[in-house]
Amino acid sequence: MKPFSSSTQAIPQVGDVPQHLAIIMDGNGRWARRRFLPRVAGHKRGLEAVRATVRACIERGISYLTLFAFSSENWRRPEEEVSFLMTLFIAALEAEMGKLHDNGVRLRVIGDRSRFEPRLIELIRQSEELTAPNTRLTLTIAANYGGRWDVMQAANRMVCQDPGKLGHYDETDVAPYLAMAYAPEPDLFIRTGGEQRISNFLIWQLAYCELFFTELLWPEFDAEALEVAIASYRKRERRFGRTSEQLVEQRRSTAVPCTEPVAQSQDA
Ligand code: FPP
Numbered sequence: 008m009k010p011f012s013s014s015t016q017a018i019p020q021v022g023d024v025p026q027h028l029a030i031i032m033d034g035n036g037r038w039a040r041r042r043f044l045p046r047v048a049g050h051k052r053g054l055e056a057v058r059a060t061v062r063a064c065i066e067r068g069i070s071y072l073t074l075f076a077f078s079s080e081n082w083r084r085p086e087e088e089v090s091f092l093m094t095l096f097i098a099a100l101e102a103e104m105g106k107l108h109d110n111g112v113r114l115r116v117i118g119d120r121s122r123f124e125p126r127l128i129e130l131i132r133q134s135e136e137l138t139a140p141n142t143r144l145t146l147t148i149a150a151n152y153g154g155r156w157d158v159m160q161a162a163n164r165m166v167c168q169d170p171g172k173l174g175h176y177d178e179t180d181v182a183p184y185l186a187m188a189y190a191p192e193p194d195l196f197i198r199t200g201g202e203q204r205i206s207n208f209l210i211w212q213l214a215y216c217e218l219f220f221t222e223l224l225w226p227e228f229d230a231e232a233l234e235v236a237i238a239s240y241r242k243r244e245r246r247f248g249r250t251s252e253q254l255v256e257q258r259r260s261t262a263v264p265c266t267e268p269v270a271q272s273q274d275a
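The letter at position 28 of the sequence shown is residue 35 when you use the working numbering, and the numbering goes up by one with no holes.
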């Protein structure tokens, strides 16, 4: 597999629409509480917003969508809520696996699966296997995922694989071992629910990502809300540590040369 370029080493291709969108889906509990419903009702509605967002990403031509569904720290929630989320995850995989496949979506799950029940582990395996050939959208669900866990599991695997380089590893050595080595770094990160933090999500991969925070609660997020975030993204100047002038120069030097015959000037 050819490694994706690193945003700290080279300027990646930047388009009008993010190639990779990463989302922290926050606010399910508050959405439910405001309606005098149990928190789990918010998670159920959150799944509707997931469906709408997947559809919207396909329509917008986004190639990678990564959703933070359950963090390593979420086990600390009330047992009843954790158990509901696991059941919802199982039900969602059972119900959506075929539909995702029919729509050309590849499903990947990142995170430590060892704490999941066998039924969930098996469903994840089946879904990943079934959808593996699909290329329209890669949907990654981060489940029992933590950014620090990811960096550490990658570092440990790297050292085991190539112990002779101890003391001389660089970022290109660790990158292939990260859980999402199959995807370019996210271009746009959205967090719903009004909080403005990364919460141990993709700490390595977000190095030069554009951040967008919205007060909308996750169950309220839809195609229109995605448009607002993309419109904000389009206005950003992504400099990757360079100056504006350097970016203009780089765009000029990498511009595709015009192959059409140039119109002859009248007085040539
Ligand atoms: C955060 O809201 C949300 C979660 C921890 C769970 C996210 C799960 C879903 C959106 C549904 C299932 C998704 C998949 C992919 C199966 P919160 O509970 O922290 O909300 P609060 O901040 O208002 O309490």
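Just so you know, even glycine gets a beta-carbon here, dropped at the ideal spot from N, CA and C.
Taken from the Cβ of residue 57, at least one heavy atom of ligand 1 lies inside 7 Å. Residue environment: residue 90 is assigned as exposed (fewer than 16 neighbouring CB atoms within 10 Å of its CB, all protein chains considered).
The beta carbon of residue 97 lies closer than 7 Å to those of 126, 127, 130 in the same chain, with the five residues before and after it left out. Cβ neighbours of residue 198 within its own chain (closer than 7 Å, five residues either side excluded): 31, 33, 220. Counting only unbroken stretches of 4 or more residues, the alpha helix (DSSP H) elements lying wholly within the segment 69 to 119 are 86 to 109, in sequence order.
Taking the Cα positions, residue 35 is about 21 Å away from residue 195. Counting other Cβ atoms within 10 Å of its Cβ, residue 179 stays below 16 and is therefore classed as exposed. Using a cutoff of 7 Å, the CB of residue 108 does not count as near ligand 1, since none of the ligand's heavy atoms is closer than that. Taken in chain order, the whole beta strand (DSSP E) runs of length 3 or more contained in the segment 15 to 80 are 27 to 31, 71 to 78.
Per DSSP, reduced to three states, the secondary structure at residue 258 is helical.
Residue pairing from DSSP places residue 150 in a beta bridge opposite 77. Closest in alpha carbon position to residue 240, among 201, 137, 189, 23, is 23. Cα atoms of residue 184 and residue 203: separation of roughly 28 Å, rounded to the nearest angstrom. Take the alpha-carbon of residue 248 and the one of residue 215: they are about 9 Å apart. A direct Cα-to-Cα measurement between residue 233 and residue 27 gives close to 13 Å. Counted as a single uninterrupted DSSP element, the stretch harbouring residue 213 is not any beta strand (DSSP E), since DSSP gives it neither H nor E.
For residue 180, the Cβ stays outside the 7 Å cut-off from all heavy atoms of ligand 1.
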